[in-house]
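>
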Amino acid sequence: MFCFAFTTIIGNFFYAESNFKYLVQKDPSKVTLTLFRLAAAVIVFFGAQLEFSIAWDTADVLMGIMALINIPVILILGRIAFRCLDDYTKQKKEGKNPVFKVQSIGLKEKTDFWN
Numbered sequence: 000m001f002c003f004a005f006t007t008i009i010g011n012f013f014y015a016e017s018n019f020k021y022l023v024q025k026d027p028s029k030v031t032l033t034l035f036r037l038a039a040a041v042i043v044f045f046g047a048q049l050e051f052s053i054a055w056d057t058a059d060v061l062m063g064i065m066a067l068i069n070i071p072v073i074l075i076l077g078r079i080a081f082r083c084l085d086d087y088t089k090q091k092k093e094g095k096n097p098v099f100k101v102q103s104i105g106l107k108e109k110t111d112f113w114n
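Residue numbers 0 to 114, in numbering that gives the first Met the number 0, belong to the letters of the sequence shown in order.
1) Using DSSP with H/G/I as helix, E/B as strand and the rest coil, what is Ser103?
2) In its own chain, which residues sit with a C-beta less than 7 Å from the C-beta of Phe12, not counting the 5 before and 5 after it?
3) Reducing DSSP to helix, strand and coil, say where Met62 ends up.
4) Which runs of the alpha helix (DSSP H), 4 residues or longer, sit entirely within the segment 4-78?
5) Per DSSP, what kind of secondary structure is Lys91 in: helix, strand or coil?
6) Among the candidates Lys29, Thr33, Ile104 and Phe19, whose CA atom is the shortest distance from the CA of Asp85?
7) Give a yes or no on whether the C-beta atoms belonging to Tyr87 and Pro71 are separated by under 7 Å.
8) Once you ignore the five residues that flank Phe165 on each side, which residues in its own chain have a CB closer than 8 Å to its CB?
9) Does the segment 60-71 come into contact with the segment 25-45, if we say contact requires no fewer than three beta-carbon pairs (one atom in each stretch) closer than 8 Å?
Below, the structure written as structure tokens:
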């Protein structure tokens, strides 16, 4: 059980740090990154000290907030995702090995990887 808990915490620290770096859109300074890591460690420590029901109630509220943020984004990006699916299906029906090209779905916004 200890190994599961430890690796889960390490994995979540990695996710949080990766998201933090993405949000600031650059490599944060060592001081900023150290402060972020300390804050995350303090939050985990105090979260482990909470009464079980309070910890679960807090997690429920935070998951609800996350859903309120993610659902509108999913609705906004859903149209693009369905265009990608239609392009994939069309290529499969034509007997091709599907290859994604951003121009084939008419996406004019800047993309990082698919140009």
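Beta carbons are placed, not taken as given, at the ideal position from N, Cα and C, and that holds for glycine.
All of these numbers come straight from a predicted model, not from anything done at the bench.
On the basis of the supplied data:
1) Position 104 of the sequence shown, counting from 1, holds the residue named residue 103. Three-state result, Ser103: helix.
2) Here residue 12 refers to the residue found at position 13 of the sequence shown. Excluding positions up to five away in sequence, the list reads Ala39.
3) Here residue 62 refers to the residue found at position 63 when the sequence shown is read from its first residue. Correct three-state label for Met62: helix.
4) 29-48
5) In the sequence shown, residue 91 corresponds to position 92, counting from 1. DSSP places Lys91 in helix when its eight states are reduced to three.
6) By one-based count along the sequence shown, residue 85 stands at place 86. Checked all of Lys29, Thr33, Ile104 and Phe19; the closest Cα to Asp85 is Ile104.
7) Here residue 87 is taken as the residue at index 88 of the sequence shown, counted from 1. Here residue 71 is taken as the residue at index 72 of the sequence shown, counted from 1. Against a cut-off of 7 Å, the Cβ pair of Pro71 and Tyr87 comes out as no contact.
8) Residue 165 falls outside the range modelled here, since the chain spans only 0 to 114, and no answer is possible.
9) no
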